[in-house]
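Here the sequence shown is numbered in numbering that gives the first Met the number 0, starting from 0 and rising by one per residue. Think of the CB as a built atom: it goes at the ideal place given N, C-alpha and C, for glycine as much as any other residue.
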Amino acid sequence: MCCESLSPGDRSEVRRQESEVRETQPRQGVFHSFILGSFCRHGIYSGPDRGSGFSATSLFLKSSLPSIPRFVLLEPETLNFERHTMKFLLLLLSFSVSSLAGPVHITSPNGRIDIEFRLEREGIPQWKVTGPGGVILDWSPLGLTFLEGKPLTSDFTLVNSAIVERNETYELVVGKTRKARDHFRELQIQLKESVEPFRRLDIAFRAYDDGVAFRYVLPQQESLSEFDITKENTEFHFPADMKAWAFQINTFISSYEGNYLPATIDALPDTGLTYLPLTMQRPDGVTMSIAEADLTDYAGMYLRGLPGAALQVALAPLPNNSGVCVRGKTPFSSPWRVIMIGEKPGDLIESTIILNLNAPCALSDVSWIKPGKAIFPWWPNFYSDKPGVASKLDFENQKYYIDFASDNNLEYLELEPPWYGDEDGAINRPHNYDITKPVPEIQLPALFEYAKKKNVGMFLWTHWENVNRQAGTAFPLFKKWGAVGVKIDFMNRDDQEMVRWYHATLKKAAEHKLMVFFHGAYKPTGTQRTYPHLVTQEGVLGNEQNKVTYLCSMEHTMTLPFTRMLVGPMDFTPGGFRNVTLEQFKPDMNQPMVLGTRCHQLAMFVVYESPLQMVCDDPAAYRNQPGLDFIRYVPSSWDETKVIEGKIGEVIIIARRKGADWYIGGMTDWTARDVSILLDFLGEGEYEAEIYQDVADSRPTELTIVKTTVTSQSTIAVRMAQGGGVVARVRR
Numbered sequence: 000m001c002c003e004s005l006s007p008g009d010r011s012e013v014r015r016q017e018s019e020v021r022e023t024q025p026r027q028g029v030f031h032s033f034i035l036g037s038f039c040r041h042g043i044y045s046g047p048d049r050g051s052g053f054s055a056t057s058l059f060l061k062s063s064l065p066s067i068p069r070f071v072l073l074e075p076e077t078l079n080f081e082r083h084t085m086k087f088l089l090l091l092l093s094f095s096v097s098s099l100a101g102p103v104h105i106t107s108p109n110g111r112i113d114i115e116f117r118l119e120r121e122g123i124p125q126w127k128v129t130g131p132g133g134v135i136l137d138w139s140p141l142g143l144t145f146l147e148g149k150p151l152t153s154d155f156t157l158v159n160s161a162i163v164e165r166n167e168t169y170e171l172v173v174g175k176t177r178k179a180r181d182h183f184r185e186l187q188i189q190l191k192e193s194v195e196p197f198r199r200l201d202i203a204f205r206a207y208d209d210g211v212a213f214r215y216v217l218p219q220q221e222s223l224s225e226f227d228i229t230k231e232n233t234e235f236h237f238p239a240d241m242k243a244w245a246f247q248i249n250t251f252i253s254s255y256e257g258n259y260l261p262a263t264i265d266a267l268p269d270t271g272l273t274y275l276p277l278t279m280q281r282p283d284g285v286t287m288s289i290a291e292a293d294l295t296d297y298a299g300m301y302l303r304g305l306p307g308a309a310l311q312v313a314l315a316p317l318p319n320n321s322g323v324c325v326r327g328k329t330p331f332s333s334p335w336r337v338i339m340i341g342e343k344p345g346d347l348i349e350s351t352i353i354l355n356l357n358a359p360c361a362l363s364d365v366s367w368i369k370p371g372k373a374i375f376p377w378w379p380n381f382y383s384d385k386p387g388v389a390s391k392l393d394f395e396n397q398k399y400y401i402d403f404a405s406d407n408n409l410e411y412l413e414l415e416p417p418w419y420g421d422e423d424g425a426i427n428r429p430h431n432y433d434i435t436k437p438v439p440e441i442q443l444p445a446l447f448e449y450a451k452k453k454n455v456g457m458f459l460w461t462h463w464e465n466v467n468r469q470a471g472t473a474f475p476l477f478k479k480w481g482a483v484g485v486k487i488d489f490m491n492r493d494d495q496e497m498v499r500w501y502h503a504t505l506k507k508a509a510e511h512k513l514m515v516f517f518h519g520a521y522k523p524t525g526t527q528r529t530y531p532h533l534v535t536q537e538g539v540l541g542n543e544q545n546k547v548t549y550l551c552s553m554e555h556t557m558t559l560p561f562t563r564m565l566v567g568p569m570d571f572t573p574g575g576f577r578n579v580t581l582e583q584f585k586p587d588m589n590q591p592m593v594l595g596t597r598c599h600q601l602a603m604f605v606v607y608e609s610p611l612q613m614v615c616d617d618p619a620a621y622r623n624q625p626g627l628d629f630i631r632y633v634p635s636s637w638d639e640t641k642v643i644e645g646k647i648g649e650v651i652i653i654a655r656r657k658g659a660d661w662y663i664g665g666m667t668d669w670t671a672r673d674v675s676i677l678l679d680f681l682g683e684g685e686y687e688a689e690i691y692q693d694v695a696d697s698r699p700t701e702l703t704i705v706k707t708t709v710t711s712q713s714t715i716a717v718r719m720a721q722g723g724g725v726v727a728r729v730r731r
């Protein structure tokens with residue numbers, strides 16, 4: 000037995016700790032754990048299971064154990080045992096590492112991903128990641144630069160280290176899955192400068208089965224109380240060049256609507272900016288994406304190229320031209336820097352790592368948060384074919400759209416400007432407008448009453464500057480009127496001040512039980528786990544652009560599931576029914592067209608994640624058209640997600656479950672494809688499948704519907720036309 004190598008006193012302590020772990024539940028606010036009783040299982044002492052993990056740490060412990068073992072309690076961050084059913088295993092040992100020669104490391108729970116940490120000869124902190132197919136990330140430096148004082152990037156000694164494992168299952172209010180698993184091992188590193196002023200820096204590394212992450216932690220200390228960060232010295236050095244899909248944004252002020260275009264790592268410029276997420280793929284198919292999570296009081300993260308296959312972090316500066324990006328006081332934590340990792344692209348879509356790295360739900364009551372679909376009258380420029388109803392935003396026009404929503408199982412209407420003023424003025428001169436004073440022609444109180452009778456909720460569009468000035472009076476008034484939520488637009492920044500504003504606004508909206516939809520917004524970072532009333536956000540080039548540009552190409556729509564969608568919900572506004580071929584397409588402000596087939600647009604309701612799905616076209620475009628039935632009954636929030644097939648920019652097939660029913664969505668690029676969809680994700684017994692299929696490449700508005708009985712052994716074989724798709728509802 001491995002415990003026989005311990006002293007009698009240590010063996011007694013091991014047995015006592017193991018007994019406590021078996022017989023008691025974790026206490027509120029404390030990880031109660033054992034260390035020495037797990038040594039043999041983790042390779043720290045010789046035994047039959049030696050080599051199962053933690054080998055670098057284990058080698059040091061073997062040589063140093065007599066002088067260092069002691070037990071500690073860790074106050075876990077962002078955990079609430081009363082609200083979450085959790086299974087814990089904590090392996091935590093605090094020890095002196097002043098004589099440590101080699102790297103320390105941790106492996107993911109399944110042992111397939113490994114994170115190593117070391118101090119290079121000049122005391123420079125570096126990390127390395129190994130995973131499927133070998134080295135994922137080569138040795139890459141870490142650190143921070145401040146406005147005053149020398150950079151916190153070198154001359155470090157390793158003071159302490161700790162290893163933690165957590166295995167938690169939690170529930171999401173809305174999103175791509177009902178239950179998510181947060182299972183990781185964490186290596187906590189404590190560093191201290193070996194020269195004056197002897198500042199301290201902690202780094203936490205997490206290894207998941209589907210990715211890795213780290214964050215900087217500046218502990219409270221006399222030598223560093225207040226600080227101004229001007230640069231984050233995080234770099235990503237890859238062992239070889241590889242293909243990437245990059246949104247080269249090249250500005251810190253943006254609506255974040257752009258194309259993720261094929262590139263290579265070594266081709267990304269050192270002078271420009273690449274937006275996140277950045278998805279990459281090696282020749283062996285291993286797929287990665289760099290992202291960030293838990294962005295709460297920090298600047299948004301971008302990437303710049305370095306010589307070779309390497310990247311460096313760039314931070315959005317504060318808007319005061321000081322050169323400062325992050326201003327704070329210790330103790331202070333950065334967001335998580337994440338590398339999602341999968342053996343194939345679809346693995347990244349199924350991952351919940353971005354959500355896992357955020358705090359649990361902060362709301363005690365979530366009953367008022369209702370996912371659903373919303374009619375979007377702005378996209379077809381308020382078009383009406385009803386006699387006596389003008390094609391402009393007024394009382395009768397919005398009644399016309401509310402009637403359509405009510406008749407077709409659409410839960411919401413989104414009320415755009417000019418409900419409180421003309422559109423151009425509300426957008427470009429928001430300081431001249433008051434969002435508590437609707438224009439008379441909209442008859443807003445009567446419109447809310449009409450919508451309520453029709454069981455249709457209303458979201459109110461607002462400019463962020465008006466919300467910034469008026470939220471204290473406007474939000475309670477909106478709730479009094481009967482609004483279910485607000486759409487807030489034109490922030491177009493992700494500097495620290497704006498990031499703080501997002502979180503403050505979400506808290507204010509929650510006080511009045513208003514759902515929030517951020518438009519003109521930066522990418523998600525998992526905030527919807529903490530604040531699930533953030534039901535969707537833009538930061539994506541969607542169908543809206545078909546009104547004015549050619550940018551919403553088939554290549555773009557086929558790349559989005561593997562890029563922007565990896566980090567969270569995206570308001571693409573699917574459902575255009577004026578489907579055309581590439582040769583027929585042209586921008587149209589009043590009756591916009593969409594590229595590809597009817598089935599391609601229908602599949603977006605399954606493939607594209609968004610708990611609030613905008614149904615973008617007008618009633619005349621939908622009336623008596625094939626495919627409308629699918630929009631009526633397709634959910635917008637899911638209990639489970641399975642990726643069946645995925646090739647970046649080429650083809651995607653996803654199955655999502657709601658209750659006992661499954662929905663399948665498939666999309667292809669301009670290459671027609673014959674696909675076979677194995678239904679092995681179904682439960683036992685027979686199901687009825689209703690399958691919507693393309694008719695022909697040259698007839699994009701047409702589809703056929705086939706009904707058949709299937710089981711988990713069945714295969715659905717269909718042909719997706721050029722720019723086509725397939726959707727199916729499979730139910731008992």
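Can a CB atom of chain B be found closer than 8 Å to the CB of T524?
-> Although the question refers to chain B, the structure presented lacks it and comprises just one protein chain.
Among Y691, V285, M592 and R111, the one whose alpha carbon lies nearest that of G541 = M592
Does the distance from the C-beta atom of V633 to that of V605 stay below 8 Å?
-> yes
Contact between the segment 249-259 and the segment 618-636: three or more CB pairs below 8 Å?
-> no
Using alpha carbons as the reference points, say which of R655, P282, M719 and F213 lies closest to D668.
-> M719
How would you label Q280, buried or exposed, when you count the other beta carbons within 10 angstroms and need 16 or more for buried?
-> buried
Please work out which residues of its chain come closer than 6 Å, Cβ to Cβ, to Q721, disregarding the five sequence neighbours upstream and downstream, and give them in chain order.
-> W669, A671 and D696
Might you give, ordered along the chain, the residues of its own chain that have their beta carbon closer than 6 Å to the beta carbon of Q189, omitting 5 neighbours on each side?
-> V158, N159 and D201
Buried/exposed call for G36, threshold 16 Cβ in 10 Å = No answer about G36 holds up, because its pLDDT of 32 lies below 50 and its placement is not dependable.
Is it right to say I43 is buried, meaning 16 or more other beta carbons lie within 10 angstroms of its own, or is it exposed?
-> Only weak support exists for where I43 lies, its pLDDT of 29 falling under 50; the value from the coordinates is given anyway. Answer is buried; the Cβ neighbour count reaches 16.
If E703 and V694 are in contact, beta carbons under 8 Å, what's the gap, nearest whole angstrom?
-> The sequence given here places Thr at residue 703; Glu does not occur at that position. That pair is a contact at about 6 Å.
What do you get for Y471, buried or exposed, if any count of 16 or more other CB atoms within 10 angstroms of its CB means buried?
-> Reading off the sequence, residue 471 comes out as Gly, not Tyr. Exposed, since its Cβ has fewer than 16 Cβ neighbours within 10 Å.
Residue of A212, S193, S711 and G174 minimising C-alpha distance to T152 = Of the candidates A212, S193, S711 and G174, the one whose C-alpha sits nearest the C-alpha of T152 is S193.
Report the three-state DSSP secondary structure of L627 (helix, strand or coil).
-> helix
Taking Q397 as part of the alpha helix (DSSP H), name the residues at either end of that continuous run.
-> F394 to D406
Residue from K585, I651 and L565 whose Cα sits closest to the Cα of M793 | Residue 793 cannot be examined here, being either before or after the span of the chain that is shown, 0 to 731.
Would the segment 213-222 and the segment 325-341 be scored as touching if the rule is three or more Cβ pairs under 8 Å?
-> Output reads yes: the segment 325-341 touches the segment 213-222.
Rank T526, T504 and S609 by C-alpha distance to the C-alpha of C360 and give the top, closest one.
-> T526
Figure out for me which residue from L513, Y549, E554 and Y382 has the closest Cα to the Cα of V534.
-> L513
My guess is that G538 and Y521 are in contact by the Cβ rule of under 8 Å, so how many angstroms apart are they, rounded?
-> 5 Å
Does DSSP classify M557 as helix, strand or coil?
-> helix
Does the distance from the CB of A308 to the CB of E234 come in under 8 Å?
-> no
Nearest neighbour of G575, chosen from H555, D617, N396 and E608 [CA to CA] | D617
Which two residues bound the contiguous alpha helix (DSSP H) that contains I352?
-> I352 to N355
Residues in its own chain within less than 7 Å of G420 by CB, not counting five upstream and five downstream?
-> Y432 and V438
Using the C-alpha atoms, what's the distance from H104 back to S224?
-> 30 Å
Chain-order list of residues whose beta-carbon lies under 6 Å from that of A688 (same chain, five-residue window excluded) = T707, V709, A727 and V729
First and last residue of the beta strand (DSSP E) that includes L678?
-> It is not in any beta strand (DSSP E) - L678 carries neither H nor E in the DSSP assignment.
Which word fits N427, buried or exposed, when buried means at least 16 other C-beta atoms lie within 10 angstroms of its C-beta?
-> exposed
What number of angstroms, rounded off, separates the C-alpha of W480 from the C-alpha of P416?
-> 17 Å
How do the segment 485-495 and the segment 454-462 stand: do at least 3 beta-carbon pairs fall below 8 Å, yes or no?
-> Below 8 Å, enough C-beta pairs join the segment 485-495 and the segment 454-462 to call them touching: three or more.
Do you know offhand how far E685's Cα is from A659's?
-> 12 Å
By how many angstroms is the C-alpha of R120 removed from the C-alpha of F516?
-> 49 Å
Can you tell which of L275, S333, L146 and T556 has the C-alpha that lies nearest to the C-alpha of F204?
-> Its Cα nearest to that of F204, the residue S333 stands out among L275, S333, L146 and T556.
Are the CB atoms of A266 and N357 nearer to each other than 8 Å?
-> no
Hey, D240 and T270: beta-carbon distance below 8 Å or not?
-> no
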